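Asks: In our numbering, the protein residues as written are 8 to 125. For glycine and all other residues, C-beta sits at the position ideal for the given N, C-alpha and C. Quick caveat, the model's predicted, so the values are computed rather than measured. Attaching a single structure in structure tokens format; questions to follow.
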């Protein structure tokens, strides 16, 4: 097996493990959940960089129903993950709390702090 394929499989395995950890929010707590989410976002970006050839092949070949559905699902997951990453950074109270972020979501974050800490 080629080294690049091993790296791809390792990233996919780590993403699977992190997804399970992210779903255990009640067990891991808020701070660890944010760290897991940050790691997941970085691995997701690495996954797309390592599979960049997929984008180059989008306009090649025939689009049969299965390929159309797979492409729609892939782009839907991409959009959802980018939105989750963005909202996670905006609402972060531990990992990205030092970033000077403004807007309604950051206001909500600061309001949550005031309510939580009195």
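Going by C-alpha distance, which of 24, 65, 60, 61 is nearest residue 44?
Replies: Of 24, 65, 60, 61, the residue nearest in Cα terms is 24.
Asks: Within the 9 Å Cβ cut-off, does residue 19 reach chain C?
Replies: The chain labelled as chain C is not found in the depicted structure, where only one protein chain is given.
Asks: In terms of residues, what are the limits of the alpha helix (DSSP H) holding residue 81?
Replies: Residues 72 to 98.
Asks: My guess is that residue 92 and residue 48 are in contact by the Cβ rule of under 8 Å, so how many angstroms apart are they, rounded?
Replies: Right, their Cβ atoms sit about 4 Å apart.
Asks: Around the C-beta of residue 51, are 16 or more other C-beta atoms found within 10 angstroms, so that it is buried, or is it exposed?
Replies: Result: buried.
Asks: Please classify residue 37 as buried or exposed, where buried requires at least 16 other C-beta atoms within 10 Å of its C-beta.
Replies: Residue 37 is exposed by the Cβ-count criterion.
Asks: What whole-angstrom Cβ distance do residue 57 and residue 9 have, given they're in contact under 8 Å?
Replies: Between residue 9 and residue 57 the Cβ distance is about 12 Å, and since that is not below 8 Å, they are no contact.
Asks: Just verifying my parser: in three-state terms, what is the DSSP assignment at residue 15?
Replies: Here residue 15 sits in helix by DSSP.
Asks: Is it right to say residue 6 is buried, meaning 16 or more other beta carbons lie within 10 angstroms of its own, or is it exposed?
Replies: Residue coverage of the chain in this structure runs from 8 to 125, which leaves residue 6 outside it and unanswerable.
Asks: In whole angstroms, what separates the C-alpha of residue 72 from that of residue 83?
Replies: Their Cα atoms are separated by approximately 16 Å.
Asks: Can the beta-carbon of residue 27 be found closer than 9 Å to that of residue 46?
Replies: No; because the gap between Cβ atoms is not below 9 Å, this pair is not in contact.
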